[in-house]
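The structure appears right after this line, and notes come after that.
Protein chains: 2
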Amino acid sequence: MATCWVPGAEGSGFGLDNLPYGVFSRATTEPRVGVRIGEYVLDLAAALREPEFAQSSLNAFLAAGSTAWRSTRAKVGGMLGSEAGRRHAEEYLVPLTEARLHLPFEVADFVDFYCSEDHASNVGRMFRPDQEPLKPNWRHLPVGYHGRSGTVVLSGGDIVRPHGQRKAPDAELPSFGPSERLDFEAELGFVVGTPSRFGSSVTTADFAEHVFGVVLVNDWSARDIQAWEYVPLGPFLGKSFATSISPWVVPLDALAAARVPGPVQEPEPLPYLQRVADWGLDLRMEVRVNDTVLSRPPYSRMYWTGDQMLAHLTSNGSPLRTGDLFASGTVSGMDRAERGSLLELSWAGTDPVTLADGSERTFLADGDTVTIGASAPGAGGSQVSLGAVTGTVRPVA
Amino acid sequence: MATCWVPGAEGSGFGLDNLPYGVFSRATTEPRVGVRIGEYVLDLAAALREPEFAQSSLNAFLAAGSTAWRSTRAKVGGMLGSEAGRRHAEEYLVPLTEARLHLPFEVADFVDFYCSEDHASNVGRMFRPDQEPLKPNWRHLPVGYHGRSGTVVLSGGDIVRPHGQRKAPDAELPSFGPSERLDFEAELGFVVGTPSRFGSSVTTADFAEHVFGVVLVNDWSARDIQAWEYVPLGPFLGKSFATSISPWVVPLDALAAARVPGPVQEPEPLPYLQRVADWGLDLRMEVRVNDTVLSRPPYSRMYWTGDQMLAHLTSNGSPLRTGDLFASGTVSGMDRAERGSLLELSWAGTDPVTLADGSERTFLADGDTVTIGASAPGAGGSQVSLGAVTGTVRPVA
Numbered sequence: 026m027a028t029c030w031v032p033g034a035e036g037s038g039f040g041l042d043n044l045p046y047g048v049f050s051r052a053t054t055e056p057r058v059g060v061r062i063g064e065y066v067l068d069l070a071a072a073l074r075e076p077e078f079a080q081s082s083l084n085a086f087l088a089a090g091s092t093a094w095r096s097t098r099a100k101v102g103g104m105l106g107s108e109a110g111r112r113h114a115e116e117y118l119v120p121l122t123e124a125r126l127h128l129p130f131e132v133a134d135f136v137d138f139y140c141s142e143d144h145a146s147n148v149g150r151m152f153r154p155d156q157e158p159l160k161p162n163w164r165h166l167p168v169g170y171h172g173r174s175g176t177v178v179l180s181g182g183d184i185v186r187p188h189g190q191r192k193a194p195d196a197e198l199p200s201f202g203p204s205e206r207l208d209f210e211a212e213l214g215f216v217v218g219t220p221s222r223f224g225s226s227v228t229t230a231d232f233a234e235h236v237f238g239v240v241l242v243n244d245w246s247a248r249d250i251q252a253w254e255y256v257p258l259g260p261f262l263g264k265s266f267a268t269s270i271s272p273w274v275v276p277l278d279a280l281a282a283a284r285v286p287g288p289v290q291e292p293e294p295l296p297y298l299q300r301v302a303d304w305g306l307d308l309r310m311e312v313r314v315n316d317t318v319l320s321r322p323p324y325s326r327m328y329w330t331g332d333q334m335l336a337h338l339t340s341n342g343s344p345l346r347t348g349d350l351f352a353s354g355t356v357s358g359m360d361r362a363e364r365g366s367l368l369e370l371s372w373a374g375t376d377p378v379t380l381a382d383g384s385e386r387t388f389l390a391d392g393d394t395v396t397i398g399a400s401a402p403g404a405g406g407s408q409v410s411l412g413a414v415t416g417t418v419r420p421v422a
Numbered sequence: 026m027a028t029c030w031v032p033g034a035e036g037s038g039f040g041l042d043n044l045p046y047g048v049f050s051r052a053t054t055e056p057r058v059g060v061r062i063g064e065y066v067l068d069l070a071a072a073l074r075e076p077e078f079a080q081s082s083l084n085a086f087l088a089a090g091s092t093a094w095r096s097t098r099a100k101v102g103g104m105l106g107s108e109a110g111r112r113h114a115e116e117y118l119v120p121l122t123e124a125r126l127h128l129p130f131e132v133a134d135f136v137d138f139y140c141s142e143d144h145a146s147n148v149g150r151m152f153r154p155d156q157e158p159l160k161p162n163w164r165h166l167p168v169g170y171h172g173r174s175g176t177v178v179l180s181g182g183d184i185v186r187p188h189g190q191r192k193a194p195d196a197e198l199p200s201f202g203p204s205e206r207l208d209f210e211a212e213l214g215f216v217v218g219t220p221s222r223f224g225s226s227v228t229t230a231d232f233a234e235h236v237f238g239v240v241l242v243n244d245w246s247a248r249d250i251q252a253w254e255y256v257p258l259g260p261f262l263g264k265s266f267a268t269s270i271s272p273w274v275v276p277l278d279a280l281a282a283a284r285v286p287g288p289v290q291e292p293e294p295l296p297y298l299q300r301v302a303d304w305g306l307d308l309r310m311e312v313r314v315n316d317t318v319l320s321r322p323p324y325s326r327m328y329w330t331g332d333q334m335l336a337h338l339t340s341n342g343s344p345l346r347t348g349d350l351f352a353s354g355t356v357s358g359m360d361r362a363e364r365g366s367l368l369e370l371s372w373a374g375t376d377p378v379t380l381a382d383g384s385e386r387t388f389l390a391d392g393d394t395v396t397i398g399a400s401a402p403g404a405g406g407s408q409v410s411l412g413a414v415t416g417t418v419r420p421v422a
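Just so you know, the protein sequences line up as chains A and B, in that order.
Add 25 to a position in the first sequence, counting from 1, and you land on the number used in our numbering.
Add 25 to a position in the second sequence, counting from 1, and you land on the number used in our numbering.
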């Protein structure tokens, strides 16, 4: 592999084998598409002079399809890894400190799955202690539901603690007020580029033709609102107040070295859900509240892989649109230190976690900052960073 | 009230007290906004020369807000009800037979509620015969969930029977194939015009400042797919293959004579859900399969009214976007002849309905055309028609 001439890029997690896309602006320019390299953003509209980059979202580029994605990636890699490229592109590098980041794409439909066996089992044990932890359908299909695309927001903002209706188990009647059980969920999100036709389905084999890349997702959850509202039609306002995503969309092509077989599935899935390639991902995730690392969820254990989520989502002929986002559901592992939500970490509030400053949490306190980061193995022992998704809880004004 | 000079408009259900908005094109013109009057469309871009009407969706007009909605309604009414208006506008009338209709607005987020006590009770009795028909939360909040906005389609198209995974109660394992329990759901949909701020909620009093009007909705449902997938996160692929809406958005202002108090609510809702105006609607709906009227669901019995749905939807601070669509859920009444879905009409397939041609249905057959129409009382004994939403079931090619 070529060497990157951008100072500090090699070894930063944002080297030549990553090259994620986002949208940025400067004091004097409108939002436009950029590629992150080390602690800089390459201004693609200036460097490549193609109109789909002079836009305030990635959608035009996402819609251009996998051939365009690969050719752009090769061009950018060549530019950042050669002396000729340096002469052309150096003036188009913008320090991250001078860039304001924006939501990288316009979200069409947002689906949230429930693909971690450990997470679904933990939730089942807590909410339905008298039943089998997993519902009968769980090993036969990736359970999922639609979320609110209008409340998908960029990492880094304030998350206002939502109000809502909830009923404590020992209360006679429900009440309305700020959520008392505000939580995070550490997830991976898949970003759809190439649309599909109405009435057709997308096979597991065509996953990388339609999905451009991934972001980190924090699916903020108000557990008290959710617990009261969710029967029989599923989560609604307990989720729809905010879902944060990381600013840099990492192309699937940057995750080649992270691909692993998914877990063995027993029973064998129906033919439309069978895997034909390895789309398990060996991502190391890390969840922090303020300065304390609370858990390291292992993405490679996710029972259902991205290609299976996509095949299921489209199996009824539902078309994909550019900008569709589907997320994995909370990533959790077998150990307490691998759990991707406070609901599981504190076992529904019965077993608080202790932060570095000695304070305890069952759920999030006002002022808490949640940071979910991840990295993947890159080429030759390097690391590909997915960056991080953060947010800070604020009380209602 | 003035008299309309358009031939046949008075008494047609599309007279001066209706004036619904849609999007149409002709062989020689791009899609643009029109108002239906009798069997004609008034070309608004030509008649009013305002740029928000020379667009392929209503969204720009919807975003203009309630003052603009009222002023445009007054202008159009004046034009279609005066001799001076006739001289100006007659040349901009397009016969409906020459107009191709399009989806009237770009759908932002789509929410489906569950507001009929009779429907929710029927479903509860069928699916959970050993429990109370209504879940404990049902009388405390309008239960709802997010649907897939990318599969909201215009009335009149083919509905391809979806494939999906389902498990018959007596089968050991699930299988994949065309749905064997394809159904309709007769609903009313509310179309949001004015957006709201992130983190703020909309009160019941502000309903008509944000909601522009209504459409009829057929929330096509694959009951076998839905029954297997829906625990614990709610309906997903059993709904997301298609949702049809009627072509003409009827403004709330056209429904003034249809407004009635909603049903008495016991227990009294929490303050954020309390009504301050009458937003029950005395709509007479009619559901046909092919040439047979199967039911006449009474919208006025809906337990939760539109203002309450909106207040609940935004109670967690979730913002509204122009083009948001929220639907009432299936409209059903107490009698069999008032049930708004085949699931209820055939009591989960155990009690077939008979069509005029002597054939029986438990669920929809390929080739069946479903038509859901509705009308409301207008001024002085006239009728305001909501038109109809139709669709024809086709087998997978």
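For each residue, glycine too, the CB sits at the ideal point set by N, CA and C.
A/A71 and A/R125 have their alpha carbons spaced roughly 17 Å apart. DSSP, read as helix, strand or coil, puts B/F39 in coil.
A check of alpha carbon separations from A/R419 across A/K100, A/D183 and A/R313 identifies A/D183 as the nearest.
Three or more beta-carbon pairs separated by less than 8 Å link the segment 98-115 of chain B to the segment 29-39 of chain B, which places the two stretches in contact. Residue pairing by DSSP places A/S50 opposite A/R125 in a beta bridge. By the Cβ neighbour-count rule, B/Q190 is buried, with 16 or more other Cβ atoms within 10 Å of its own.
Residues of the same chain with a CB within less than 6 Å of the CB of A/T317, apart from the 5 flanking positions on each side, are L380 and A381 in chain order.
For A/N243, the enclosing beta strand (DSSP E) stretches over residues V236 to N243. The C-alpha of B/T176 is placed about 20 Å away from the C-alpha of A/P260.
Taking a cut-off of 8 Å on C-beta distances, the segment 245-264 of chain B does not touch the segment 242-251 of chain A, as fewer than three cross pairs fall below it. Within the segment 158-186 of chain B, complete beta strand (DSSP E) segments of at least 3 residues are found at 169-171, 177-179 and 183-185, given in chain order.
Within the same chain, Cβ atoms closer than 7 Å to the Cβ of A/V421 are found at V185, R186, H188 and P203, the five residues on either side in sequence being excluded.
Relative to the Cα of A/N84, the nearest Cα in the group A/E369, A/R346 and A/A193 belongs to A/R346. Excluding sequence positions up to five before and after A/A283, its CB lies within less than 6 Å of the CB of L306, D307, A401 and P402, all in the same chain and listed in chain order. According to the DSSP assignment, B/D137 belongs to the beta strand (DSSP E) that extends over F135 to F138. Not a single C-beta of chain A is nearer than 8 Å to the C-beta of B/T97. Here A/A79 has R57 and A70 as same chain residues with Cβ atoms under 7 Å from its own Cβ, once five neighbours each way along the sequence are excluded. If you look at A/R112, you'll find it in the alpha helix (DSSP H) that goes E108 to A114. A/E115 and A/E75 have their C-alpha atoms roughly 18 Å apart.
Listed along chain A, no residue sits closer than 9 Å to B/F49 by beta-carbon distance, the nearest being about 21 Å off. Positions of the beta strand (DSSP E) runs, each at least 3 residues long and wholly inside the segment 207-233 of chain A, are given as 211-217 in order along the chain. Its chain contains G214, I270, S271 and V274 as the residues whose beta carbon lies nearer than 6 Å to that of B/V240, once the 5 sequence neighbours on both sides are disregarded; these appear in chain order.
For the options B/E293, B/P322 and B/S357, the alpha carbon positioned closest to that of B/A145 is the one of B/S357. Restricting attention to beta strand (DSSP E) runs no shorter than 3 residues, the segment 263-325 of chain A encloses them at 268-270, 309-314 and 317-320, ordered along the chain.
When CB distances to chain B are screened at a threshold of 7 Å, the residues of the segment 330-341 of chain A falling below it are S340 and N341, in chain order. Closer than 8 Å to the CB of A/Q190 there is at least one CB belonging to chain B. In the structure shown, B/A89 adopts coil according to DSSP, grouped into three states.
By the criterion of a C-beta distance shorter than 8 Å, B/E291 is surrounded in its chain by R164, once the five residues flanking it on both sides are discounted. Residues of the segment 285-299 of chain A with a C-beta atom less than 9 Å from some C-beta of chain B are P292, L295, P296, Y297 and L298, listed in chain order. Residue environment analysis places A/T92 among the exposed positions, since fewer than 16 neighbouring C-beta atoms fall within 10 angstroms of its C-beta. The alpha-carbon of B/D349 is positioned some 16 Å away from that of B/S340. Under the DSSP assignment, A/G412 falls outside any alpha helix (DSSP H), being part of the beta strand (DSSP E) whose first and last residues are Q408 to R419.
Note that the segment 123-139 of chain A touches the segment 45-62 of chain A; at least 3 beta-carbon pairs, one per stretch, sit closer than 8 Å.
In this model, A/E385 and A/P377 are separated by some 6 Å (Cα to Cα).
B/P120 is bridged by DSSP to B/Y65. The DSSP-derived three-state label of A/L258 is coil.
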